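In order, the protein sequences belong to chains D and S. Going letter by letter, the first sequence gives residues 20 to 249 in this note's numbering. Going letter by letter, the second sequence gives residues 20 to 249 in this note's numbering. Ideal placement from N, C-alpha and C gives every residue a C-beta, glycine not left out. It should be emphasised that the depicted structure is a prediction, and the values quoted were computed from it without experimental measurement.
2 protein chains.
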Amino acid sequence: MTALSIYQQHDRLLVAVDCIIFGFDGQQLKALLIKRSFEPEINKWSLMGGFVQQDESVDAAAVRVLQQLTGLENIYMEQLGCYGEVDRDPAGRVVSIPYFALIKIDEHEEELLEKFNAKWYALDKVPKLIFDHNRMMNQAIERLQLKASTQPIGFELLPEKFTLTQLQNLYEAIFESSFDKRNFTRKINSLGILQKLDEKEKVSSRKGAFYYLFDRDKYNKLQHEIKKFI
Amino acid sequence: MTALSIYQQHDRLLVAVDCIIFGFDGQQLKALLIKRSFEPEINKWSLMGGFVQQDESVDAAAVRVLQQLTGLENIYMEQLGCYGEVDRDPAGRVVSIPYFALIKIDEHEEELLEKFNAKWYALDKVPKLIFDHNRMMNQAIERLQLKASTQPIGFELLPEKFTLTQLQNLYEAIFESSFDKRNFTRKINSLGILQKLDEKEKVSSRKGAFYYLFDRDKYNKLQHEIKKFI
DNA sequence: ACAAAAGTGTTGTCTGTACACCCATGC
DNA sequence: GCATGGGTGTACAGACAACACTTTTGT
Numbered sequence: 020m021t022a023l024s025i026y027q028q029h030d031r032l033l034v035a036v037d038c039i040i041f042g043f044d045g046q047q048l049k050a051l052l053i054k055r056s057f058e059p060e061i062n063k064w065s066l067m068g069g070f071v072q073q074d075e076s077v078d079a080a081a082v083r084v085l086q087q088l089t090g091l092e093n094i095y096m097e098q099l100g101c102y103g104e105v106d107r108d109p110a111g112r113v114v115s116i117p118y119f120a121l122i123k124i125d126e127h128e129e130e131l132l133e134k135f136n137a138k139w140y141a142l143d144k145v146p147k148l149i150f151d152h153n154r155m156m157n158q159a160i161e162r163l164q165l166k167a168s169t170q171p172i173g174f175e176l177l178p179e180k181f182t183l184t185q186l187q188n189l190y191e192a193i194f195e196s197s198f199d200k201r202n203f204t205r206k207i208n209s210l211g212i213l214q215k216l217d218e219k220e221k222v223s224s225r226k227g228a229f230y231y232l233f234d235r236d237k238y239n240k241l242q243h244e245i246k247k248f249i
Numbered sequence: 020m021t022a023l024s025i026y027q028q029h030d031r032l033l034v035a036v037d038c039i040i041f042g043f044d045g046q047q048l049k050a051l052l053i054k055r056s057f058e059p060e061i062n063k064w065s066l067m068g069g070f071v072q073q074d075e076s077v078d079a080a081a082v083r084v085l086q087q088l089t090g091l092e093n094i095y096m097e098q099l100g101c102y103g104e105v106d107r108d109p110a111g112r113v114v115s116i117p118y119f120a121l122i123k124i125d126e127h128e129e130e131l132l133e134k135f136n137a138k139w140y141a142l143d144k145v146p147k148l149i150f151d152h153n154r155m156m157n158q159a160i161e162r163l164q165l166k167a168s169t170q171p172i173g174f175e176l177l178p179e180k181f182t183l184t185q186l187q188n189l190y191e192a193i194f195e196s197s198f199d200k201r202n203f204t205r206k207i208n209s210l211g212i213l214q215k216l217d218e219k220e221k222v223s224s225r226k227g228a229f230y231y232l233f234d235r236d237k238y239n240k241l242q243h244e245i246k247k248f249i
């Protein structure tokens, strides 16, 4: 009896990963969806997904799928859980592990949209998706809100240099609410994790707004003192 | 080509569930562990687990495994995520979905310990477990803390009637810290979700302490106003 | 000179925290 | 009558929320 055969009697299932990809265009949070090019549910809107292979970890499968379908690497990803209903996929017994990914939308937009039938949808305009993908999407939004309130993941969605107004717009989009500009600025500055540059962004105003950087070193030192971001 | 055959080319994996079972003995939070009676890693301490079958959902498998190994039904359970490293189980490629469960320890204790090689361990005395089960345990503790701070799941660990001291001891065990009795009482009472009984618990003090019930109806009405429990 | 976005302080309210004594009862 | 755990109020500090005007500069 080899080690492998111990489990021979048990059922084996297909295991998939699905990616909820978030981007921010400066005003709205958006999710990247594709029109499926294969059965079942061909031509319907869907998350980007793929199957986990025998010799790769589930996390690695998520990274691979994201890379294959978008060309993106070194992306913030986080596992959301496991969707395991028997009939969730009509074409077979597939257990799916959804991940959410945060990308800087402007760096990659063109290549993505062309390559596959991909499209950015504002979160309140997301169409009906296949299977249980809308539930996954909603879970991802909730998790993004939860996570963004206690950890500095918002910066994954912004360009490296950003203005305070851009940062506030992002958080307003994530939390679907609006903040007082003075309170927001004071709160963010008091965290001590931003680095102010001398350079100004001059496109969206005549006066110009100072650019800031997220200072990851400062954050790493302070992170145990920071309970709440917003 | 049948619907099923569409996915024929993809690998199929073993999918398991593992249960982190928490109980509270009045003083300490404890986890229920078993000494494995089968290979691999026979006679080592382990979480309670089993394989997901072709015709049952992953959630249903977790409920079934808990029922089979403890006799317990109608138990609070919550999925924690997915552990998918290739080599996590040396005997085969197994993806595991851990769940945490909260049980009222006193109602069931005897039957459990006998039936299997099961034992309650205080959380700071948990031994080395097989595979990645210690990581799962730690994740479960973190999740329990997170969840208990915003939702009324503590009551799943207490007998139906409990005193404020018992409730405080529980929260102190969960958060590994101690609270001021007056502040705790005021906070809990201000939530308006407890029902005070006329009856007193007379074992642990001469004066006696009033019993309370968790009032789920009141909670359901108030839940959107309650952001934070403790 | 004006339009448009950037930047900046103060005050009141609420929430959380620290702290100590009397009460009821069984023995 | 005393030992044991139960029950209760107040004061201070920090966090959060509401609020409006001046600055800069391109046209």
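Nonlocal neighbours in the same chain, by C-beta distance under 6 Å from residue i, ignoring five residues either side
i       : result
L213(D) : Y231
R63(D)  : Note that residue 63(D) is Lys in the sequence shown here, rather than Arg. Cβ neighbours of K63(D) beyond the five flanking positions: R55, I149.
K246(D) : none
V113(D) : L33, A35
F203(S) : Q187
R107(D) : F150, D151
E97(S)  : F119
K206(D) : none
Under 7 Å from the C-beta of residue i: neighbouring residues of chain S
i       : result
R112(D) : Q73
E58(D)  : I25
Own chain partners of residue i with C-beta closer than 8 Å, once the 5 adjacent residues on each side are dropped
i       : result
I39(S)  : A50, L66, L99, P117, Y118, F119, A120, M155, M156, A159
A167(D) : G173, Y190, I193, F194, F248, I249
G68(S)  : A35, V36, D37, C38, V84, S115
E218(D) : K180, F229, Y230
I61(S)  : R55
7 Å Cβ cut-off: residues of chain D touching residue i
i       : result
V34(S)  : L32, V34, V114
V105(S) : D74, E75, S76
Same chain, Cβ closer than 7 Å to residue i, neighbours up to 5 away in sequence not counted
i       : result
T184(D) : A228
K237(S) : G211, I212
L176(S) : F41, G42, F43, L121, K123, L189
Q27(S)  : none
V105(S) : R112
A81(S)  : V36, C38, M96, Y118
K226(D) : none
P178(D) : K123, D125
F233(D) : P171, F174, I212, L213
P59(S)  : P109, A110
Interface residues of chain D facing residue i [CB-CB closer than 8 Å]
i      : result
F70(S) : Y26, H29, D30
Partners in chain S for residue i, counting only beta-carbon separations shorter than 8 Å
i       : result
G173(D) : Correct list: empty, because the minimum Cβ distance to chain S is about 20 Å.
C101(D) : V77, Q98, G100, C101, I116
Beta-carbon separation (whole angstroms), residue i vs residue j, contact threshold 8 Å
i       : j       : result
A137(D) : I53(D)  : 5 Å
Q164(S) : F194(S) : 6 Å
T182(D) : E129(D) : With a Cβ gap of about 24 Å, T182(D) and E129(D) do not count as contacting.
I25(S)  : G103(D) : About 19 Å; that fails the 8 Å criterion.
C101(S) : V77(D)  : 6 Å
I144(D) : N153(D) : At residue 144(D) the sequence reads Lys, which differs from the Ile that was named. Contact flag wrong, Cβ pair sits at about 13 Å.
L88(D)  : F135(D) : 6 Å
Those residues which DSSP pairs with residue i across a bridge
i       : result
S209(D) : According to DSSP, which records beta bridges pairwise, S209(D) is partnered with nothing at all.
Q214(S) : L232(S)
S65(D)  : I53(D)
I124(S) : In DSSP, I124(S) forms no bridge with anything.
L33(D)  : V113(D), R31(S)
T182(D) : Y230(D)
A141(S) : K49(S)
E97(D)  : F119(D)
Y102(S) : S115(S)
Heavy atom of the ligand FAD within 7 Å of residue i beta-carbon
i       : result
F119(D) : The model on display carries no ligand, and the ligand FAD is accordingly not part of it.
(request) State whether the region 41-59 of chain D contacts the region 146-162 of chain D, with contact taken as three or more CB pairs (one from each stretch) at a distance under 8 Å. (result) Yes: the two stretches touch, three or more of their Cβ pairs being nearer than 8 Å.
(message) Could you check whether the region 23-36 of chain S touches the region 26-38 of chain D, counting it as contact only if at least three pairs of C-beta atoms, one from each stretch, sit closer than 8 Å?
(response) The answer is yes - the region 26-38 of chain D touches the region 23-36 of chain S, with three or more Cβ pairs under 8 Å.
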